[in-house]
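Q: Encoded as structure tokens, here's the structure I'll be asking about.
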Amino acid sequence: MESAKSGAVRWRAWGAARLRDVFGWLDAHWRWTTFAMWVGLVVYFLAVRWPAIHWFALGDTDDNIRYVQVKDWLAGQGWYDLRQYRLDPPGGANIHWSRLVDLPIAGLMLFFRAFVDGALADRIACALAPLLPLLLLMLSLAFIARRLSPGTPAWIVAALAPLAAQMGLSMYMPLRIDHHGWQLAFMMAMLAGVIDHRRARGGIIAGVASALSITIGMEMMVYLAAAGGLIALRWVFDGAEARRMRPYALTLGGGVALLFVLFASYANRAPVCDALSPVWVSTLGVAAGGMLLLTMLPLSGGRFGGWPLRLAAGLVVGAGVAAFAWSVWPQCLTGAYQLSPEMQRLWLANIKEAKPITAQTRAVAIPLLAMPIIGMLTGFAGMWGARRDPARVWAWGAVLALCLIGLGLLFWQLRAGPAAQLLAIPGAAAATWAALAAIWNGRPLVRAAGIVVAVCAGAVLFAYPLYPTLNRSFASLVGAPVTGAGAGSAAGSAAGGGGVRIGNAMIKQRREAIRKANGRCRTLPALEVLDQLPAATIFTMVDMGPRILATTHHSAVAGPYHRNAGAILDIHHAFDGPPSAFRPIARRHNATYLLICPNFPEGTVYQSRSPRGFYAQLMRGFVPSWLRPVPLHTALTLPYQLYRIDYLAPVSKEAAQ
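Sequential numbering from 0 applies to the sequence shown in numbering that gives the first Met the number 0.
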């Protein structure tokens, strides 16, 4: 027995030594190791997503408009002209983006067009482009984890953990060419700069990453501002941190100014609040100048030096920046998008990602919250574990601060989910590795604790696939509806067991019909047959417009872009109002055809909000005589209905309401 025990101990010691050798080599080459893992993920994602790539199934409206924007630029549209002239022609739609994200997509398109036909080249380019920022994200996560948990392989877990952050990972899937993947990657690079032990390098990385993120869009502004505040706060308590704050201020202020000159569109040269414009160039310039001034003042020593004086000086500069923004750009204090109450009520209130997590179903909220909550808890635990190392306490505190911001923003809008998940990864990775090490090396009680932590970490990592199964199991045990919280569930419960089953079946059937319509109406085979018709403007739902532009030669009236509120509201008014109101609105936008897709998600909004409106009547089969069905030659059963709008038909021939 004793010999067996000693043999097991020797085997464990030998295994631990070999693992240390392997992990030591990987740690010494962590950048190349991360790159190799990224290459493996690229190959895997391309293989898994190839059917979607083949059918050019761009993910959402922004992906489609981004693709059209790049194509138009390569076809000769001006560098600074970002109007989308096929949305509400001839004037076009004002798009608030920049060309920065267009560059890698365009470069890949041009490269592959030298070897294959244009359509296939565009597919391959759009498949590869989102995977480029994934490399930056993985390197940043690995760097942060190495800083939080030095000398351990936690960085390997961190680099691969985006696979478990499904809402965050979705921004890097092939064909997801929208700008959010780059913004999230720059946010994590910025955080890496904030906690980098090499101060000057960290300041430069944080400043450059912040400037690039702002050039792309304003979505990460809260995190970027928090990072600037953390850099200033650390300088308050450690005057030597001026070596980080000075290059940060220079690269942020100078980078924003340079990138404004290089990338700001004609429309963004006006004092707009929702993009890099004179508003943000001046405000960030004042903030950067103030931070630079602070590093030059004699505040670190002498009779009147020390942290209280630095704190007072920092508060004065912060108040000055706030006063500047309030007095010079007061219009931006009410919100970046400047939406009217009507736009908020009719349009924004129906966008899922613009609602708080409290308005989501359990199936959405619980898996999404799992990782940010674990990130918060491990952040506190990490600060406690590093309490004898002030530099690591600061690093853990900075990560925890941004984790808390991300978690808090989820209770404002669901769109904060990807950032909240990704910010939680470094802390969760450190905790996961600590648990595995405890299981391998610890005493029995420590091993038991490690197993508990590892099981919890596994539950978080697999929250998305696990939760539906657990939810169904729980529902079958207690006889409750599976559909999640809500009025429908309550009504079903009140009706008794049979009512629950019938209610669940109807809800499931309805959701399945909506899901199918949302997919089928956007497919390339269904839409490309529209090119049998001469190019024209199609009046359709807001969320269908961008897909029509990307897959056909036709134009559309609107897309979901807030600067074009007039066209968006016209579509809502046309579908909500009586049939007699439709033609004047369609004529105003030079629309030739009307395309509707039964059970399309946006259409369900019009039906429920205006049951006697034009769209609801169309869904009930009441089609006015001035809508002429358009035949299309195809063997497919098309999921939509297409009509030519006859503006000459008399009003008296309206269908009965």
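Glycine residues also receive a C-beta, built at the ideal position from the N, C-alpha and C atoms.
For Ile204, which residues does DSSP report across the bridge?
A: Looking up residue 204 in the sequence shown gives position 205. Answer by DSSP bridge pairing: none, since Ile204 is not bridged.
Q: Contact between the region 415-425 and the region 371-380 is defined here as three or more beta-carbon pairs at a separation below 8 Å; is this criterion met?
A: yes
Q: Which residue's Cα is closest to the Cα of Gly334: Val320, Asp273, Leu345 and Ala312?
A: As a position in the sequence shown, residue 334 is number 335, starting the count at 1. Among Val320, Asp273, Leu345 and Ala312, the Cα nearest to that of Gly334 is on Asp273.
Q: With C-beta atoms as the reference, is Val255 less than 8 Å away from Ile213?
A: Taking the sequence shown and counting its residues from 1, one reaches residue 255 at position 256. Taking the sequence shown and counting its residues from 1, one reaches residue 213 at position 214. In this structure, Ile213 lies closer than 8 Å to Val255 by Cβ.
Q: Roughly how many angstroms lie between the CA atoms of Thr357 and Trp432, to the nearest whole one?
A: Position 358 of the sequence shown holds residue 357. Position 433 of the sequence shown holds residue 432. Taking C-alpha positions only, Thr357 is separated from Trp432 by approximately 32 Å.
Q: If you draw a straight line from the alpha carbon of Gly106 to that of Pro88, how long is it in whole angstroms?
A: If you number the sequence shown from 1, residue 106 lands on position 107. If you number the sequence shown from 1, residue 88 lands on position 89. Distance between the alpha carbons of Gly106 and Pro88 is about 28 Å.
Q: Hey, quick one: how far does the beta strand (DSSP E) through Pro628 stretch, first residue to last?
A: Against the sequence shown, residue 628 aligns to sequence position 629. Residues Leu626 to Pro628.
Q: Identify the continuous beta strand (DSSP E) that holds Ile350 and give its terminal residues.
A: Counted from its first residue, the sequence shown places residue 350 at position 351. Careful: Ile350 lies outside any beta strand (DSSP E) and carries neither H nor E.
Q: Ordered along the chain, which non-local residues of its own chain (more than five positions away) have a Cβ less than 8 Å from that of Leu140?
A: To locate residue 140, count along the sequence shown from 1; it is residue 141. The residues are Trp154, Ala157, Ala158, Ala160, Pro161, Met187, Leu421, Ile424, Pro425 and Ala428.
Q: Grouping DSSP H, G and I as helix and E and B as strand, with all else coil, what is Thr636?
A: Working through the sequence shown from its first residue, we reach residue 636 at position 637. Three-state DSSP puts Thr636 in coil, outside helix and strand.
Q: On a CA-only basis, which of Gln359, Leu594, Ile570 and Tyr592 is nearest Ile584? Give me that one, please.
A: Here residue 584 is taken as the residue at index 585 of the sequence shown, counted from 1. When each option's Cα is compared against that of Ile584, the closest is Ile570.
Q: With DSSP as the reference, label Leu641 as helix, strand or coil.
A: Locating residue 641 in the sequence shown gives position 642, where the first residue counts as 1. DSSP places Leu641 in strand when its eight states are reduced to three.
Q: If I measure Cβ to Cβ from Gly289 and keep anything under 7 Å in the same chain, skipping five residues before and after, which residues do I get?
A: Here residue 289 is taken as the residue at index 290 of the sequence shown, counted from 1. Cβ within range, chain order: Val316, Gly319 and Val320.
Q: Give the straight-line distance between the Cα atoms of Gly192 and Arg361, rounded to the nearest whole angstrom.
A: On the sequence shown, residue 192 is found 193 positions in, with the first residue counted as 1. On the sequence shown, residue 361 is found 362 positions in, with the first residue counted as 1. Rounded to the nearest angstrom, the two C-alpha atoms are 36 Å apart.
Q: My output table needs one value for Phe621: the three-state DSSP class, helix, strand or coil.
A: Residue numbering aside, residue 621 sits at position 622 when the sequence shown is read from its first letter. Here Phe621 carries a coil assignment [DSSP, helix/strand/coil].
Q: Would you grab the beta carbon distance between Thr536 and Ala566 for me? Rounded to a whole angstrom, and I think it's under 8 Å.
A: For the purposes of this step, residue 536 is taken as the residue at position 537 of the sequence shown. For the purposes of this step, residue 566 is taken as the residue at position 567 of the sequence shown. In fact, because the Cβ distance is near 11 Å, the residues do not count as touching under 8 Å.
Q: Report the rounded CA-to-CA distance for Gly485 versus Ile365, giving the unit in angstroms.
A: Start at 1 with the first residue of the sequence shown, and residue 485 comes out as number 486. Start at 1 with the first residue of the sequence shown, and residue 365 comes out as number 366. Since pLDDT at Gly485 reaches only 39, below the 50 mark, its modelled position is unreliable, and no value is offered.
Q: Exposed or buried, what is Met543 when buried is set at 16 or more other beta-carbons lying within 10 Å of its beta-carbon?
A: Stepping through the sequence shown from its first residue, residue 543 is reached at position 544. Classification for Met543: buried.
Q: How is the beta strand (DSSP E) around Phe44 delimited, first residue to last?
A: As a position in the sequence shown, residue 44 is number 45, starting the count at 1. Element bounds for Phe44: not the beta strand (DSSP E) but the alpha helix (DSSP H), Trp29 to Val47.
Q: Who does Ala555 pair with in a DSSP beta bridge?
A: Position 556 of the sequence shown, counted from the start, is the residue given in the question as residue 555. Its beta-bridge partners are Leu86 and Ile537.
Q: Consult DSSP for Tyr247 and reduce its assignment to one of helix, strand or coil.
A: Indexing the sequence shown from 1 puts residue 247 at position 248. Tyr247: helix per DSSP, three-state reduction.
Q: In its own chain, which residues sit with a C-beta less than 8 Å from the C-beta of Val280, not counting the 5 before and 5 after it?
A: Locating residue 280 in the sequence shown gives position 281, counting from the first residue. Contacts found: Val255, Ala256 and Phe259.
Q: To which residues of the same chain is Thr294 closer than 6 Å at the C-beta, ignoring the five residues directly before and after it?
A: Locating residue 294 in the sequence shown gives position 295, where the first residue counts as 1. Here the set comprises Ala241, Met244 and Arg245.
Q: Tell me the rounded alpha-carbon separation between Ile513 and Glu601.
A: One-based indexing of the sequence shown puts residue 513 at position 514. One-based indexing of the sequence shown puts residue 601 at position 602. One Cα belongs to Ile513, the other to Glu601, and the distance between them is close to 10 Å.
Q: Please classify Pro649 as buried or exposed, where buried requires at least 16 other C-beta atoms within 10 Å of its C-beta.
A: As a first step, residue 649 is located in the sequence shown; it is residue number 650 there, counting from the start. Exposed.
Q: Can you tell me which of Arg521, Pro545, His552 and Arg509 puts its alpha carbon nearest to the alpha carbon of Gly558?
A: Walking along the sequence shown from the start, residue 558 turns up at place 559. Closest by C-alpha distance to Gly558, out of Arg521, Pro545, His552 and Arg509, is Pro545.
Q: Would you call the region 223-233 and the region 198-212 touching, i.e. three or more CB-CB distances under 8 Å?
A: yes
Q: Count the other CB atoms, across all protein chains shown, that sit within 10 Å of the CB of Gln359; report buried if there are 16 or more and exposed otherwise.
A: As a position in the sequence shown, residue 359 is number 360, starting the count at 1. Under this definition Gln359 is a buried residue.
Q: For Leu568 versus Leu345, is the C-beta spacing smaller than 8 Å?
A: The sequence position of residue 568 within the sequence shown is 569, counting from 1. The sequence position of residue 345 within the sequence shown is 346, counting from 1. Going by C-beta atoms, Leu568 is nearer than 8 Å to Leu345.
Q: Per the DSSP calculation, Ala274 is bridged to which residue(s)?
A: One-based indexing of the sequence shown puts residue 274 at position 275. According to DSSP, Ala274 bridges with nothing at all.
Q: Measure from the alpha carbon of Met137 to the alpha carbon of each residue in Thr33, Ser264 and Leu296, then state which is nearest.
A: Here residue 137 refers to the residue found at position 138 when the sequence shown is read from its first residue. The shortest Cα separation from Met137 among Thr33, Ser264 and Leu296 belongs to Thr33.
Q: With three or more beta-carbon pairs closer than 8 Å as the criterion, would you say the region 74-88 touches the region 107-119?
A: no
Q: Which of helix, strand or coil does DSSP assign to Thr267?
A: Here residue 267 refers to the residue found at position 268 when the sequence shown is read from its first residue. Note on residue identity: the sequence assigns Asn, not Thr, to residue 267. It is helical.
Q: To the nearest angstrom, report how far apart Gln83 and His553 are at their CA atoms.
A: Counted from its first residue, the sequence shown places residue 83 at position 84. Counted from its first residue, the sequence shown places residue 553 at position 554. Approximately 13 Å between the Cα atoms of the pair.
Q: Short check: CB of Leu626 to CB of Ile644, under 8 Å?
A: In the sequence shown, counting from the first residue as 1, residue 626 sits at position 627. In the sequence shown, counting from the first residue as 1, residue 644 sits at position 645. Going by C-beta atoms, Leu626 is nearer than 8 Å to Ile644.
Q: Let me check one thing: in DSSP terms, what residues is Tyr66 bridge-paired to?
A: Residue numbering aside, residue 66 sits at position 67 when the sequence shown is read from its first letter. Looking at the DSSP assignment, Tyr66 forms no beta bridge with any residue, so it has no partner.
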